[in-house]
Amino acid sequence: MAWIEPAIVAYGVWALLIVLYFESFGAPLPGESALIAASLLATRGDLAIGHVFLAAWLGAVLGDSTGYLIGRFGGRPLLNRFGYVVKLTPERLSRLETMVKTKGFFMVLTARFIVVLRQLNGLIAGSAGMPWHHFVVANALGAMLWAGLWSFGPYFFTDAFKRLL
Numbered sequence: 001m002a003w004i005e006p007a008i009v010a011y012g013v014w015a016l017l018i019v020l021y022f023e024s025f026g027a028p029l030p031g032e033s034a035l036i037a038a039s040l041l042a043t044r045g046d047l048a049i050g051h052v053f054l055a056a057w058l059g060a061v062l063g064d065s066t067g068y069l070i071g072r073f074g075g076r077p078l079l080n081r082f083g084y085v086v087k088l089t090p091e092r093l094s095r096l097e098t099m100v101k102t103k104g105f106f107m108v109l110t111a112r113f114i115v116v117l118r119q120l121n122g123l124i125a126g127s128a129g130m131p132w133h134h135f136v137v138a139n140a141l142g143a144m145l146w147a148g149l150w151s152f153g154p155y156f157f158t159d160a161f162k163r164l165l
């Protein structure tokens, strides 16, 4: 993970957007760490915090939407074939699909805060047939809350933590 800060310094919020985009539809990348690093760089004045938030939100929304489309058109066969990579057994997949049908909006809204669900959320929602308009609204709101927490939290509270330490 030592490459995160130099990549963000070199390429700015575009690097953050790309990392979060790919992480949001299943790639094993350190998205949250990259977002925190970008927020800390913003405290030094290297990046604008508004740009960090926007890149995080956009990368998260686009990545999850791509995952949704992959799940919608690749569906369960794709997850059955490659789910073992992230310990997604057929039994777990069935339980998640049932949850999407009963609590899909809330699941998509909050999944971004849970490590493995953040990566699989769009794939599962798409493969379970969650309506697109429900998914997009929940995805955009969840990404806004998540990006806001990890963009503005470190940015505004870094000095408070420094004083405590």
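Reading the sequence shown from the start, the letters are residues 1 to 165 in the UniProt record's numbering.
Virtual Cβ for every residue (Gly too), placed ideally from N, Cα, C.
* **Nearest neighbour of Asp64, chosen from Ala125, Ile49, Gly75, Leu78 [CA to CA]** => Ala125
* Starting from the Cα of Gly153, find the closest Cα among Ala42, Glu91, Gln119 and give me that residue. => Ala42
* Asked: Can you list, in chain order, the residues of its chain whose CB lies under 6 Å from that of Gly59, leaving out five sequence neighbours each side?
  -> Leu17, Leu20, Tyr21
* Asked: Met107 to Val100, Cα distance in whole Å?
  -> 7 Å
* Tell me where the alpha helix (DSSP H) around residue 166 begins and ends. => Nothing in the structure corresponds to residue 166, since the chain is present only between 1 and 165.
* To do: Could you tell me which of Ile114, Asn121, Thr66, Leu88 sits nearest to Ile104, measuring between CA atoms?
  => Correcting the residue type first, residue 104 is Gly in the shown sequence and not Ile. That would be Asn121, whose Cα lies nearest to the Cα of Gly104.
* **9 Å Cβ cutoff met for Trp14 and Ala55** => yes
* Presumed contact (8 Å Cβ cut-off) between residue 166 and Ser151, rounded CB distance -> Since the first residue of the chain shown is 1 and the last is 165, residue 166 is not available in this structure.
* Residues near Met144 in its chain [Cβ-Cβ closer than 7 Å; skip 5 each side] -> Trp57
* Exposure label - Ala147; buried when at least 16 CB within 10 Å -> buried
* Assign Ile27 to buried or exposed, taking buried as 16 or more other Cβ atoms, counted over all protein chains shown, within 10 Å of its Cβ. => Residue 27 is actually Ala in this sequence, not Ile. Exposed.
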